[in-house]
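Here this note's numbering is used: the first residue of the sequence shown is 2, the next is one more, and so on. Beta carbons: idealized from backbone N, C-alpha and C, even for Gly. Working notes, beginning with the structure itself.
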Amino acid sequence: MPRPMKFGRVFAVWRTSIIRIKKAHQVLSDKEKRAQYDQYGSTFDQAGSQGGTGFGGFGSGSPFGGGFGNGGQGFEFDLGDIFGDVFGGGGARTRTRTRTARGADIHMDAELTFKDAAFGVEKQVSLYKQVACDVCLGAGAEPGSSLKKCKTCDGQGQVVTNQRTILGTFQSASVCNDCHGEGKRPEKACKHCGGNGVIKKHSEFSLKIPGGIDDGETIRVGGGGEAGAHGATPGDLYLTVHVKSDSRFERDGFNVHSTVTIQFAQAVLGDEVAVETLDGEVKMVIPEGTQPGQVFKLRERGIKQLRGSGRGDHLVRVEVSVPKKISRRQKELLQEFGSLS
Ligand SMILES: [Zn+2]
Ligand SMILES: [Zn+2]
2 MPRPMKFGRV
12 FAVWRTSIIR
22 IKKAHQVLSD
32 KEKRAQYDQY
42 GSTFDQAGSQ
52 GGTGFGGFGS
62 GSPFGGGFGN
72 GGQGFEFDLG
82 DIFGDVFGGG
92 GARTRTRTRT
102 ARGADIHMDA
112 ELTFKDAAFG
122 VEKQVSLYKQ
132 VACDVCLGAG
142 AEPGSSLKKC
152 KTCDGQGQVV
162 TNQRTILGTF
172 QSASVCNDCH
182 GEGKRPEKAC
192 KHCGGNGVIK
202 KHSEFSLKIP
212 GGIDDGETIR
222 VGGGGEAGAH
232 GATPGDLYLT
242 VHVKSDSRFE
252 RDGFNVHSTV
262 TIQFAQAVLG
272 DEVAVETLDG
282 EVKMVIPEGT
292 QPGQVFKLRE
302 RGIKQLRGSG
312 RGDHLVRVEV
322 SVPKKISRRQ
332 KELLQEFGSL
342 S
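Written out as structure tokens, the structure reads:
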């Protein structure tokens with residue numbers, strides 16, 4: 002049942018990390034969770050860009066500027082970066098060019114079954130988002146046209162304005178709007194994207210969600226967000242996982258807890274019982290003289306360790322049912338049993 006996951010390959014830009022936002026998540030009530038869920042639009046298939054205002058991004062030639070590849074391309078996880086909280090992790094992003102704005106981040110939610118969270122799952126994701134123009138490859142220049150010096154800023158990439166006040170003259174510099182800080186402009190703008198280097202497009206890809214992920218945790222796919230205009234660094238994709246509960250199991254870290262009820266005689270004499278685990282039914286030995294509330298450990302039957310190779314354990318608590326009605330014969334035998342002990 003557990004599918005082996007491979008995390009070997011790491012793409013330079015597609016670094017993915019798990020961010021723990023447990024604390025914040027746990028205090029949310031179901032109602033609040035629902036509100037949050039609704040707010041993010043929230044299904045794997047329909048997720049869209051959030052906070053999508055103000056991508057005016059510019060510059061930089063990431064080879065992955067187009068954001069996610071189309072069709073068939075999957076993303077591997079590098080579990081090396083696990084952050085304490087969402088914002089603590091943000092700083093890890095590498096910016097290739099400081100004077101340009103990067104593409105917007107995308108936030109989405111995914112609902113996972115208890116088992117999928119335990120073992121990991123590959124999800125098909127479809128996003129309508131800004132990607133690099135496939136004609137000019139994000140540069141914004143019509144193929145074949147050359148670059149020339151920007152006249153607006155005289156090739157400086159920034160425009161200096163002087164403001165005279167009673168206290169003197171103040172000078173301020175801002176990024177040139179015409180060349181987006183590049184100092185150069187294509188002679189002809191790309192017709193396909195209008196020179197911005199980006200277009201809106203459906204982008205489909207598969208995303209491997211690692212086994213061991215827990216409810217409320219967020220995966221960051223570096224560079225998985227919207228492509229930045231004019232070749233700017235793409236934003237990141239944040240995927241928050243919601244794990245459905247399973248009435249049979251309770252999760253505690255990477256361990257699973259469940260309860261099995263046995264008869265009084267089984268507890269006294271010992272027996273073998275079937276126990277439902279993440280791997281399906283397994284046989285568990287009930288030793289002679291098992292006490293109510295006693296816990297037995299099924300080693301490595303729990304949840305996959307998020308960052309390790311092993312699994313947690315499955316802890317089975319035994320409950321002993323005391324019969325409310327017994328036959329005359331059973332009564333006689335128990336009375337005899339009682340008199341002997
Ligand atoms: Zn283009
Ligand atoms: Zn300029």
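Beta-carbon spacing of residue i, residue j below 9 Å
i: Phe250; j: Val126; result: no
i: Glu123; j: Lys209; result: yes
i: Leu343; j: Gly212; result: The shown model of the chain, from 2 to 342, leaves out residue 343, and the question about it has no answer.
i: Glu255; j: Arg312; result: Going by the sequence as given, residue 255 is Phe instead of Glu. Cβ distance < 9 Å, so Phe255 and Arg312 count as in contact.
i: Arg300; j: Ser259; result: no
i: Gly236; j: Ile107; result: yes
i: Ala140; j: Gly229; result: no
i: Val242; j: Ala118; result: yes
i: Glu183; j: Gly223; result: no
i: Lys201; j: Lys149; result: no
i: Val257; j: Gly303; result: yes
i: Cys177; j: Cys151; result: yes
Proximity test, residue i beta-carbon vs ligand 2 heavy atom, cut-off 8 Å
i: Gly158; result: yes
i: Glu183; result: yes
i: Arg186; result: yes
i: Asp179; result: yes
i: Thr162; result: no
i: Cys154; result: yes
Rounded separation between residue i and residue j - CA only
i: Thr97; j: Thr162; result: Residue confidence is low: Thr97 scores 35 on pLDDT, short of 50, so the model does not pin down where it sits. Its coordinate-derived value is still stated next. Roughly 27 Å between the two C-alpha positions.
i: Lys192; j: Glu143; result: 7 Å
i: Arg329; j: Glu277; result: 34 Å
i: Gly180; j: Arg186; result: The question names Gly, but residue 180 is Cys in the sequence shown. Near 6 Å, if we compare the C-alpha coordinates of Arg186 and Cys180.
i: Phe45; j: Gln164; result: Any reading at Phe45 is ruled out, since the residue's pLDDT is 36, under 50, leaving its predicted position unreliable.
i: Ala275; j: Ser246; result: 22 Å
i: Lys116; j: Glu273; result: 25 Å
i: Ile287; j: Pro293; result: 11 Å
i: Ser322; j: Gly121; result: 36 Å
i: Gly196; j: Cys134; result: 9 Å
i: Thr153; j: Leu128; result: 37 Å
i: Thr234; j: Thr114; result: 34 Å
i: Asp216; j: Leu138; result: 38 Å
i: Glu282; j: Ala102; result: 54 Å
i: Gln331; j: Ile214; result: 50 Å
i: Gly290; j: Ser342; result: 14 Å
i: Phe268; j: Met285; result: Residue 268 is actually Ala in this sequence, not Phe. Their backbone Cα atoms lie some 13 Å apart in a straight line.
Residue environment, residue i, which counts as buried when at least 16 other CB atoms sit within 10 Å
i: Lys298; result: exposed
i: Tyr358; result: No answer is possible for residue 358: the residues shown for the chain start at 2 and end at 342.
i: Gly339; result: exposed
i: Ala262; result: As written in the sequence, residue 262 is Thr, which differs from the Ala given in the question. Exposed, by the Cβ-count rule.
i: Phe171; result: exposed
i: His203; result: exposed
i: Pro324; result: exposed
i: Leu270; result: exposed
i: Ile327; result: exposed
i: Ala174; result: exposed
i: Leu168; result: exposed
i: Val244; result: buried
Boundaries (first-last residue) of the alpha helix (DSSP H) holding residue i
i: Phe265; result: 265-270
i: Gln336; result: 329-341
Endpoints, beta strand (DSSP E) assigned at residue i
i: Phe206; result: 199-211
i: Asp117; result: Looking at the DSSP string, Asp117 is not in any beta strand (DSSP E); the run it does join, the alpha helix (DSSP H), is 115-120.
i: Asn178; result: Asn178 -> no beta strand (DSSP E), and no H or E assigned at all.
i: Phe250; result: That residue, Phe250, is in no beta strand (DSSP E); it is neither H nor E in DSSP.
i: Asp287; result: Checking the displayed sequence, the identity of residue 287 turns out to be Ile instead of Asp. Taken as a continuous stretch (DSSP letters only), the beta strand (DSSP E) holding Ile287 covers 281-287.
i: Leu138; result: Run containing Leu138: none; DSSP gives neither H nor E here.
i: Thr219; result: 219-222
i: Gly231; result: Per the sequence presented here, residue 231 reads as His, with Gly not at that position. Element bounds for His231: n/a, residue is neither H nor E.
i: Glu320; result: 315-322
i: Gln164; result: 159-166
i: Arg186; result: 185-187
i: Leu299; result: 296-299
i: Leu148; result: 148-150
beta-carbon residue i near ligand 1 non-hydrogen atom, thresh 8 Å
i: Cys194; result: yes
i: Gly104; result: no
i: Val132; result: no
i: Gly345; result: Any question about residue 345 goes unanswered here, given that the chain covers just 2 to 342.
i: Gly145; result: no
i: Val136; result: yes
i: Gly141; result: yes
Proximity test, Cβ basis, 9 Å: residue i and chain C
i: Ala140; result: This model lacks chain C altogether; it includes just one protein chain.
Any non-hydrogen atom of ligand 3 within 8 Å of residue i CB
i: Cys191; result: Of the ligands one can find in the structure shown, namely ligand 1 and ligand 2, none is ligand 3.
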